[in-house]
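Take the sequence shown: its letter number 72 is residue 97 in the UniProt record's numbering, and every next letter is one higher.
Backbone N, C-alpha and C fix where the C-beta goes; we use that ideal spot for every residue, glycine too.
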Amino acid sequence: SRHFALLPAAGVGARMGADFPKQYLELAGRPMIWHALRAFETHAAISRIYVVLSAADGYWEGYDWSGFAKLSVLRCGGETRAQSVLNGLEAIADEVAEQDWMLVHDAARPCLSRALLDKLLEAVRDDAVGGILAAPVADTLKREGHGQRIRETVPRQGLWGAQTPQMFRYGLLREALRRAGAEVTDEASAIEHLGLSPLLVESDASNLKVTFPHDLEVAGWWLDRCSK
Ligand code: C5P
């Protein structure tokens, strides 16, 4: 079976406070999504990369993508991340087999290293369900009650923060997302709704998601570090 990457990039990035989609914010001289795409472009195991854009996206064409030989652009983004991923999967039904692996990766995670991608591919290769990169939670967790006061402490033992890529077989993932609805915030939770338990593959803080403006500076630091 082959491996395909699919990057949902149809969000508007409201929390960034920017006036354009955050995947295009500049990082090390390139739009952020360039770095996310490059991790897959340069990996021999990945056959093709699908990017899901919003139909209204007027930024993509402003950049030079000629260095990306594996890239296919799908302009079928949806209202939510899950809907964008599902629309993308439906759009490529003729090109991908049920048993092929899909690696769904956020356009907003530009620092995915070769080492972590290799680790995921290796760990999930023969898995019956699939798996995701994730990092054990480091902070002590609090549940909020009334008036922004702590109601309780949630034991962090056994809690992980989900990252991407999330790696599942095409047929299973499409079925899971069709059933789960647009609200699930990652692919794994759609799979969980089928009663299955995806594998947690241990990652680290380098694979951060850029959500708030200062995250961009941290991402720049990680990129710089990994290129040395
Ligand atoms: O907003 P958030 O950081 O959770 O978005 C994660 C990823 O999902 C981003 O790459 C974003 O572009 C994408 N997304 C999407 N369609 C949406 C919302 C988010 O493709 N409707």
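Nearest to Ile74 by C-alpha distance, out of Val179, Pro46, Trp59, is Trp59.
Look at Ala118: its beta carbon is at least 6 Å from all of the heavy atoms in the ligand C5P. Restricted to the stretch 140-203, the beta strand (DSSP E) segments that are unbroken, complete and at least 3 residues in length are 156-161, 166-169, 175-179, 185-194, listed in chain order. Judged by pairs of C-beta atoms under 8 Å, the stretch 111-121 does not touch the stretch 131-141, as fewer than three such pairs exist. Per DSSP, Trp85 lies in no alpha helix (DSSP H) and is assigned neither H nor E.
Relative to the ligand C5P, Pro190 has its C-beta separated by 6 Å or more from all heavy atoms.
Under the Cβ criterion (8 Å, minimum of three pairs), the stretch 186-195 counts as touching the stretch 209-228. Distances from the CA of Ala215 to each of Ile157, Leu241, Glu177 were compared; the closest alpha carbon is that of Ile157. Of the heavy atoms belonging to the ligand C5P, at least one sits nearer than 6 Å to the Cβ of Thr105.
At a cut-off of 6 Å, the beta-carbon of Gly36 counts as near the ligand C5P: some heavy atom of the ligand is closer than that. The beta carbon of Gly186 is closer than 7 Å to those of Ala159, Ala160, Val162 in its chain, skipping five residues each way along the sequence. DSSP places Val121 in the coil class of the three-state scheme, outside both helix and strand.
Ranked by Cα distance from Leu52, the options His130, Leu241, Leu166, Ala230 are led by Leu241. Contact annotation: Ala107 and Ala207 have beta-carbon atoms nearer than 7 Å.
In the DSSP assignment, His28 falls within the unbroken beta strand (DSSP E) covering 28-34.
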